[in-house]
Ligand SMILES: [Zn+2]
């Protein structure tokens with residue numbers, strides 16, 4: 003899941019207007035930003051297994067710290083508390099915590115049963131929508147589209163930068179997504195981990211957008 007997470011982040015702006023879209027993107031991507039670091043440290047593991055699902059060739063062998071429900075809830079609480087310490091905005095802090103947790107719920111729709119409930123000997127869940135290309139595209143673009151609509155209903159560009167940075171990000175994400183789905187299989191797991199860190203760019207891009215847009 004990629005675009006769906008951004009959909010939640012964009013949509014959350016309508017209920018947490020004081021929160022920068024950069025912070026919302028950080029929250030919805032939070033566990034996917036931890037994951038590549040944990041891969042490089044050898045704490046979590048992924049394998050390339052072409053054909054394991056229709057959409058992605060990745061076999062998520064072990065990712066209990068970034069992607070178990072218990073840990074995602076803990077990350078959500080820490081994220082919300084961290085935000086509250088800086089901004090003292092309880093409602094926004096709760097929404098950000100929920101954004102972190104939403105990641106697991108959206109991943110649950112598409113992943114094979116590989117998402118643990120807690121680290122250790124846990125049952126693993128996943129509805130496996132990645133076995134259907136059409137179903138996956140439908141859900142990704144449904145969330146993405148709704149999120150963009152809510153965001154555009156809530157904010158307006160202050161200037162041209164505010165317009166182009168937003169549409170630039172939406173277009174870039176769509177291109178990357180199609181590249182992931184229809185492009186070549188990644189050659190090795192190290193490159194997956196290093197490329198994964200590039201997602202931090204989207205967080206910075208979000209802050210850039212936010213500074214150039216205002217509430218409607
Ligand atoms: Zn994820």
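Residue numbers (the numbering used here): 3 to 218.
Glycine included, C-beta positions come from ideal geometry on N, C-alpha and C.
Nothing here was measured: the structure is a model prediction, and the numbers come from that model.
Cα-Cα separation between residue 207 and residue 174, rounded to whole angstroms: 11 Å
Here's a check: name, in chain order, each residue in its chain whose Cβ is nearer than 7 Å to the Cβ of residue 126, leaving out the five neighbours to either side. 115, 116, 117 and 118
Contact test: residue 33 Cβ vs ligand 1 heavy atom, cutoff 7 Å: yes
I need the straight-line Cα distance from residue 23 to residue 7, nearest angstrom please. 13 Å
What are the residues that DSSP puts in a beta bridge with residue 64? 47
Using a threshold of 8 Å, state whether the C-beta atoms of residue 97 and residue 17 are closer than that. yes
Does ligand 1 have a heavy atom nearer than 7 Å to the CB of residue 105? yes
Does the segment 173-188 come close enough to the segment 84-104 that 3 or more CB-CB pairs lie under 8 Å? no
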